[in-house]
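Below is one structure, written out as structure tokens; the observations come after it.
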Amino acid sequence: MGHDHPEGIGDMNQVLIMELVRPAHQVGPDVPVAEVKDMMRGEEVISCIVVVSERRPVGLVMNFHLDRILSQRYGVSLFTNQPVRIVMDEAPLVIGGDMPLEEASNVAMARQMEKMYDHLIVVADSGELSGVVSVQEILNKLAALQKRSVGRMNCFNDLLRGEIRSKKKAESELRDLNRELERRVEERTAALVRSNQELSRAKNAAEAANVAKSDFLANMSHELRTPLNHIIGFTDLVLGQHFGPLNAQQGEYLNDVLSSSRHLLSLINDILDLSKVEAGKMDVSYTEIDMQHLLKSSLVMIKEKAMKHNIQLSVKVDETLPLLQADERKMKQILYNLLSNAIKFTPDGGYIRLSAGLEARGAEGMPGGLPPAAQAGDGKCLLVSVTDSGVGIKADDLRRIFDPFEQADGSRSRKYQGTGLGLSLTRKLVESHHGRLWAESRGEGRGATFKFLLPLAPPGEGIAGAGQGSHSEPMDSLTS
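Heads up: the sequence shown begins at 401 in my numbering, then just goes up one per residue.
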């Protein structure tokens with residue numbers, strides 16, 4: 401912390417010459433000397449008159465100087481009727497009104513060394529006359545300011561000494577605080593290192609447990625599917641009356657067994673696929689896919705159920721779509737999951753619309769962007785949308801529904817069955833192709849749209865390279 405200069409010292413730099421200026425008597429350069437002398441002899445003794453032309457000072461006439469000229473031999477006869485410009489000082493000291501007082505004093509004192517009588521200063525503001533001030537007035541003002549500053553300088557020195565003492569005390573206290581802070585930082589750093597080590601151990605243990613869980617689920621799901629397929633197969637044979645006729649009650653019970661078995665198989669398949677994804681055991685085999693054909697044929701999978709519930713199906717596909725490089729089986733699974741989800745939540749008499757076209761990377765409404773690996777290329781992607789007139793989704797649930805075992809209606813009394821794995825698995829399948837899946841809805845009862853955006857070719861390959869072979873890509877880098 402520092403102090404400003406004491407008031408008196410600062411005043412000498414802050415007071416401007418304009419503050420001391422007094423009005424000046426003025427005449428034009430063509431006014432006769434006699435008239436100027438009469439003005440000076442009036443009731444008010446005038447020591448000087450400024451000669452102005454167009455409001456600008458051009459000369460100065462001092463009373464004593466004019467008297468000296470007129471007192472010379474033939475002075476009266478020679479100069480009385482002459483214009484005052486003949487006898488005026490043509491180079492008076494003219495300064496600006498915004499000049500600091502001390503600077504004006506230095507300029508005036510230097511000028512006095514040339515002209516001892518020139519003790520008046522003409523002050524002009526922007527070139528126009530403002531008034532006059534004497535050198536003595538300037539010196540008196542400076543002396544007063546300096547005298548006033550002496551006592552304040554002593555006070556300033558006392559304050560400065562006190563400030564130095566306070567500063568030294570504060571520096572000492574600051575050093576003590578720094579030492580205490582360093583000690584605390586060392587303690588916190590040690591505690592943080594210990595915490596990081598514990599977190600790392602916990603993370604490794606959790607990852608190992610997650611891998612073990614995924615392996616267990618994958619193995620168990622496989623073991624469950626085998627006997628379940630037998631149950632479905634033999635039940636289907638019995639329902640087909642290959643072993644004799646069935647009565648109505650037997651047929652009803654066996655249909656319940658077949659329906660429940662197929663539902664259970666669907667859940668096990670979802671668990672198995674999700675476990676494979678999380679365990680990094682699912683490969684992506686890229687091949688050329690005619691998306692126009694695939695999208696149009698995908699509606700066949702839900703056509704029967706749509707007709708049963710009077711749900712209108714429509715498809716709109718850009719005829720200029722190029723071939724897509726993707727895993728065809730997984731693309732079918734993505735479309736089936738989204739269409740099955742749409743028809744499950746669409747009431748009787750509703751509609752489901754499937755559309756596809758080319759879109760720039762970063763489609764409108766897409767949260768985030770494509771993964772960095774998919775940012776190369778010409779900037780075009782495949783955008784597929786599945787729109788329904790179903791129950792809709794709350795804004796708070798638009799992201800949550802993609803988490804495993806989550807549904808928009810998570811209550812025990814929910815109307816629609818399912819484990820909540822379908823959308824989670826679908827999102828991971830889309831992300832395995834370096835794409836993005838998201839949902840849009842205007843609210844409950846107003847339908848929903850599920851969209852996914854895919855690059856037309858896997859990273860490192862252009863569209864022109866389509867059809868030059870396929871490869872497998874592990875899922876171990878997949879993130880949700």
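Positions of the beta carbon are idealized from the N, C-alpha and C atoms, including for glycine.
Compare the C-alpha of residue i against each of the options and name the closest.
| i | options | result |
| --- | --- | --- |
| Ala424 | Glu444, Leu416, Val415 | Glu444 |
| Gly750 | Lys730, Met499, Gly792, Met731 | Gly792 |
| Met488 | Leu665, Val507, Pro855, Val431 | Val431 |
| Leu735 | Val786, Arg662, Arg473 | Val786 |
| Arg800 | Arg473, Ala839, His834 | Ala839 |
| Lys794 | Ala524, Leu545, Gly651, Arg842 | Arg842 |
| Arg422 | Gly497, Gly442, Leu624 | Gly497 |
| Val830 | Ala848, Gly847, Leu854, Gly822 | Leu854 |
| Ser359 | Ile711, Asn710, Lys716 | In the structure as shown, the chain starts at 401 and stops at 880, and residue 359 therefore has no counterpart that could be examined. |
| Gly459 | Ile469, Glu728, His709, Glu490 | Glu490 |
| Leu637 | Asn655, Glu582, Arg846 | Asn655 |
| Lys437 | Glu652, Glu704, Leu470, Gly847 | Leu470 |
| Val535 | Ser549, Val507, Glu623 | Val507 |
| Val461 | Glu435, Ser477, Ala608 | Glu435 |
If you follow the alpha helix (DSSP H) that residue i is in, where does it begin and where does it stop?
| i | result |
| --- | --- |
| Gln725 | Taken as a continuous stretch (DSSP letters only), Gln725 belongs to no alpha helix (DSSP H), being part of the beta strand (DSSP E) at 724-726. |
| Met462 | First-last for Met462: 456-462, but that is the beta strand (DSSP E), not the alpha helix (DSSP H). |
| Glu840 | No alpha helix (DSSP H) holds Glu840; the beta strand (DSSP E) holding it covers 836-840. |
| Asp438 | 433-440 |
| Ser832 | 822-832 |
| Ala756 | Unbroken run through Ala756 is the beta strand (DSSP E), 751-760; no alpha helix (DSSP H). |
| Gly475 | 475-479 |
Alpha carbon to alpha carbon, what distance is there between residue j and residue i?
| i | j | result |
| --- | --- | --- |
| Val484 | Val433 | 5 Å |
| Ala492 | Lys541 | The amino acid at residue 492 is misidentified as Ala; the sequence shows Pro. The straight-line gap from Cα to Cα measures roughly 22 Å. |
| Ile446 | Leu539 | 22 Å |
| Met509 | Ser526 | 23 Å |
| Glu844 | Ala742 | 14 Å |
| Val784 | Ala590 | 52 Å |
| Leu639 | Met701 | 23 Å |
| Gly531 | Lys547 | 27 Å |
| Phe556 | Glu563 | 10 Å |
| Gln414 | Pro500 | 6 Å |
| Val657 | Leu754 | 33 Å |
| Ala773 | Glu571 | Model confidence at Ala773 stands at a pLDDT of 49, short of 50, so the residue's coordinates are unreliable; what they give is reported in the following sentence. Approximately 55 Å, taken between the alpha carbons. |
| Leu545 | Glu502 | 11 Å |
| Glu598 | Lys703 | 55 Å |
| Arg729 | Asp673 | 13 Å |
| Gln482 | Glu454 | 20 Å |
| Gly475 | Asp467 | 9 Å |
Just to confirm, are residue i and residue j a CB contact at a threshold of 8 Å?
| i | j | result |
| --- | --- | --- |
| Asp689 | Leu738 | In the sequence under discussion, the amino acid at residue 689 is Ile, which differs from the Asp named in the question. For Ile689 and Leu738, no; Cβs fall outside 8 Å. |
| Val452 | Ile495 | no |
| Ser824 | Phe852 | no |
| Arg625 | Leu665 | yes |
| Thr687 | Ile711 | no |
| Gly835 | Asp670 | no |
| Ile417 | Val533 | yes |
| Val684 | Asp748 | no |
| Leu856 | Lys780 | yes |
| Ala848 | Asp797 | no |
Return the chain-ordered list of same chain residues with a C-beta closer than 6 Å to the C-beta of residue i, the five sequence neighbours on each side being excluded.
| i | result |
| --- | --- |
| Leu713 | Leu699, Ala706, Ile752 |
| Gly810 | Any reading at Gly810 must be qualified, since the residue scores a pLDDT of 47, below 50, and its modelled position is unreliable; the value itself is stated next. Within the same chain, Gly810 has no close Cβ partners at all. |
| Asn463 | Met440, Ser447 |
Which same chain residues, not among the five before or five after residue i, have their C-beta less than 7 Å away from its C-beta?
| i | result |
| --- | --- |
| Met731 | Ile689, Leu694 |
| Met516 | Confidence in Met516 is poor, its pLDDT being 46 and thus under 50, which makes the residue's placement unreliable; the coordinate value appears in the next sentence. Excluding positions up to five away in sequence, the list is empty. |
| Pro505 | Sequence check: residue 505 is Ser here, not Pro. Only Ile538, Leu539, Leu542 meet the Cβ criterion. |
| Glu419 | none |
Return the chain-ordered list of same chain residues with a C-beta closer than 8 Å to the C-beta of residue i, the five sequence neighbours on each side being excluded.
| i | result |
| --- | --- |
| Met439 | His425, Val427, Ile446, Ile449 |
| Ser661 | Leu628, Ile631, Ile632, Thr635 |
| Leu721 | Met691, Gln692, Ala756, Gly757, Leu758, Leu782 |
| Arg456 | Ala524, Gly527, Glu528, Leu529 |
| Asn578 | none |
| Glu719 | Gln692 |
| Phe479 | Val433, Ile469, Leu470, Ile486, Val487 |
Note the first and the last residue of the continuous beta strand (DSSP E) segment covering residue i.
| i | result |
| --- | --- |
| Ala795 | Unbroken run through Ala795: none, as it is neither H nor E. |
| Gln712 | 712-717 |
| Ile495 | 494-496 |
| Ile689 | 687-689 |
| Val700 | Counting along the chain, Val700 falls outside any beta strand (DSSP E), though it belongs to the alpha helix (DSSP H) covering 700-708. |
| Phe850 | 848-855 |
| Ser785 | 780-788 |
| Pro449 | Reading the sequence as shown, one finds Ile at residue 449 and not Pro. 448-453 is the extent of the beta strand (DSSP E) around Ile449. |
| Gly531 | 528-534 |
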